[in-house]
């Protein structure tokens, strides 16, 4: 209908014109870039860690550890012979931030595998891990050599194993590894949650604006309240899809330029905590379908909330139950990532309020039987129809009500009688 | 149903329309009819049910009982939205939208094609001296300018019926006059105007027909002239020319005393000899009184019928006691 189309266009054009939209369109990719790069940068502590090896060994172990550490890109290491005053003065150095910490190595390292590290960065898991690996390597080599093994054999035995993981989708091995699947699921969850909440609240404030300015009276005398609500939800939905298109395009550009970014920050592909996954057409389609499903479901509820409130403050309070539904679905994503096929995860992907986040997350993290997707989509579609029916009734009555917010009992009466 | 003889094909008819909200009846069995081309006033104190009535006419809410007929067809305003212009009581516009876009959007809601709406909106903005504001946002406009924009949106689609809810509320005297002129201009073009108000002064000047309601019920309705003629409180001023001197005057007044004493037509008479003020009984015909005075031999220098102001009728009707009873002018 032409009037509904005019409402859709108004919502779309006004939003695209707003500064807010373009800020989001530009900041979005920057935000994603930060999420991709920051963990890797943070894990590396942002640069080189300066440490001192306090060598209390009688053999070459201390020197070899120092040499190996200093040779890595992560550390600058210096060897100091152990002594009584050394530890205290080093502690002062650490306090003055000239040193990150110091490693105390004695013969116990080789004998019983014990060493000590004191520093200001003991929570840096990457640093501690690297120290442990280095010490372990040297200690193993020394022990083997002491047992009479040829140092060349030892050197060859030290070659580490890299376990390659690949995800199986639909009986076929894909190019994705576990890290990629995890980051894909993780990002989908974040984006779905943020976008549904953001655009749902957009619908709510749009409804509220028409209510508080009383424009709604003029509109409702020209088209049915349901048509108005429909046009609004479709218009805001179109804006969100447009936003995704922009984000998709800029993500492609970012990815294409990624080697350059990574080169500039001095890190290799393998070092990244988050791996960039390959997003296939099926995944993208599933994402959009569930996003739109979730958006329609939640924006109907947000529209009802906007209609029953008389001011921004009131709406902010009244929207909380709706927002909590979404927050719960988002938080439970982390449980699902551990075991995407658990009963918990299956239940969440059938409940319509959590399915829009749960289903794409599970799809990305593991494999999903087709019947489960079909079932969850059917339930979601039924819920959209049901919730929209209820929301439209609340909307119709609420849009013309002023004064105090309705109680739950009054809401039930609105739904029944309107 | 109210069907006046001089309005054969009413543009709007309400027939025993009732709307109840939780706990109270906002509109109670209200019937009225609006003639084409009339300026119709829906008058009543605050909370009388004026806005609820208008909302039922506009299809914004549905009546619990009774029917609304517009342009001879049953049903509220939504089906006829292209033929009706509506300005709600608390007026607002999309604050962040550009002036031109708001007008075009609201015109589209009334079924005007987009390009035609743009052209008309531009013409109207020029006419009202707002052309340099057309690409500005609404919230950059002064209140007076916003009211002009609202008025443009109400009439851009050239409606046959314009419904204004409390159009004069909150307007300064200059803008009140501008709006009043605009309404009169509309009726000159044959547009029917229905407006609600609790301020009687403007209604007295512009209304052709009216309906006074209180507590959701009709107290009086019909043509303004009929109401003024039939509602109580008609005042007659009579002056006598009885030759020179007080005696002559007294003689002339004496001849009229019989007429003044007729309780069927005169409710109250203040006789000052040369001059008398009469309050007539409802329904009394001043023309008859004039004939009887002339027949009595009194020489008249002055015979002036003073119409009661609408304000007085309104206060008489809506006073705590009168508000309970439904009074019909033809009763």
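Residue numbers (the working numbering), protein chains in the order written: chain A, 16 to 433; chain B, 229 to 559.
Don't be surprised by glycine CBs; every beta carbon is placed ideally from N, CA and C.
Membership of residue 354/B in the alpha helix (DSSP H) is indicated by the continuous run 342–355.
Judged by DSSP in its simplified three-state form, residue 503/B adopts strand.
Taking 9 Å as the cut-off between beta carbons, the residues of the stretch 287–318 of chain B near chain A are 287, 288, 289, 304, 305, 306, 309, 310, 312, 314, 315, 316, 317, 318, in sequence order.
For the options 466/B, 529/B, 385/B, 299/B, the alpha carbon positioned closest to that of residue 499/B is the one of 466/B. Annotation: Cβ neighbours of residue 18/A in chain B (cutoff 8 Å, chain order): 336, 337, 339.
By the neighbour-count definition (other C-beta atoms within 10 Å, threshold 16), residue 386/A is an exposed residue. In this structure, residue 351/A lies near residue 380/A, with their beta-carbon atoms less than 9 Å apart. Contact annotation for residue 320/B against chain A: 224, 225, 227, 228, 229, 230 [CB-CB distance below 9 Å, chain order]. Taking a Cβ-Cβ threshold of 7 Å, the residues of chain A close to residue 325/B are 29, in chain order. Judged by pairs of C-beta atoms under 8 Å, the stretch 297–313 of chain B touches the stretch 386–393 of chain B, as three or more such pairs exist.
Excluding its 5 nearest sequence neighbours in each direction, residue 36/A has C-beta neighbours in its own chain below 8 Å: 30, 254, 258, listed in chain order.
Residue 444/B and residue 364/A have their C-alpha atoms some 53 Å from each other. Measuring C-alpha to C-alpha distances from residue 452/B to each of 343/B, 459/B, 436/B identifies 436/B as the nearest. According to the DSSP assignment, residue 364/A belongs to the alpha helix (DSSP H) that extends over 358–365. In the DSSP assignment, residue 72/A falls outside any alpha helix (DSSP H) and carries neither an H nor an E. Contact check for residue 373/B and residue 392/B: beta-carbon distance about 18 Å, past the 8 Å limit, so the pair fails to qualify. Secondary-structure assignment with DSSP links residue 437/B through a beta bridge to 268/B, 451/B. Only residues of its own chain outside the window of five on either side were considered, and among them 89 have a CB closer than 6 Å to the CB of residue 145/A, listed in chain order. Residue 279/B is a Cβ neighbour of residue 394/B, given a cutoff of 9 Å.
Here residue 295/A is not near residue 372/A, since their CB atoms are 9 Å or more apart. In this model, residue 380/B and residue 352/B are separated by some 7 Å (Cα to Cα).
Beyond the five residues adjoining it in sequence on each side, residue 534/B comes within less than 8 Å, by CB distance, of 462, 463, 464, 465 in the same chain, given in chain order.
Taking 9 Å as the cut-off, the beta carbon of residue 407/A is found no closer than this to the beta carbon of residue 219/A. Using a Cβ-Cβ cut-off of 9 Å, residue 381/B counts as an interface residue toward chain A, since at least one Cβ of chain A sits closer than that to its own.
Not a single C-beta of chain A is nearer than 9 Å to the C-beta of residue 488/B.
By the beta-carbon neighbour count (other beta carbons within 10 angstroms, threshold 16), residue 362/A is exposed. As the crow flies, the alpha-carbon of residue 198/A is around 15 Å from that of residue 374/A. In the structure shown, the three-state DSSP call for residue 343/A is helix.
Under the three-state reduction of DSSP, residue 33/A is assigned to coil, being neither helix nor strand. When the five nearest sequence neighbours on each side are left out, the beta carbons in the same chain lying within less than 6 Å of the beta carbon of residue 297/B are those of 241, in order along the chain. Counting along the chain, the unbroken beta strand (DSSP E) around residue 90/A starts and ends at 90–96. For residue 314/B, the enclosing beta strand (DSSP E) covers residues 312–315.
A Cβ of chain B is located within less than 9 Å of the beta carbon of residue 237/A. Residue contact with chain B for residue 33/A: present (Cβ-Cβ distance below 9 Å to some residue of chain B).
Within 10 angstroms of the beta-carbon of residue 431/B lie 16 or more other beta-carbons, which makes it buried. The closest CA to that of residue 440/B, considering only 337/B, 307/B, 270/B, 530/B, is found on 270/B.
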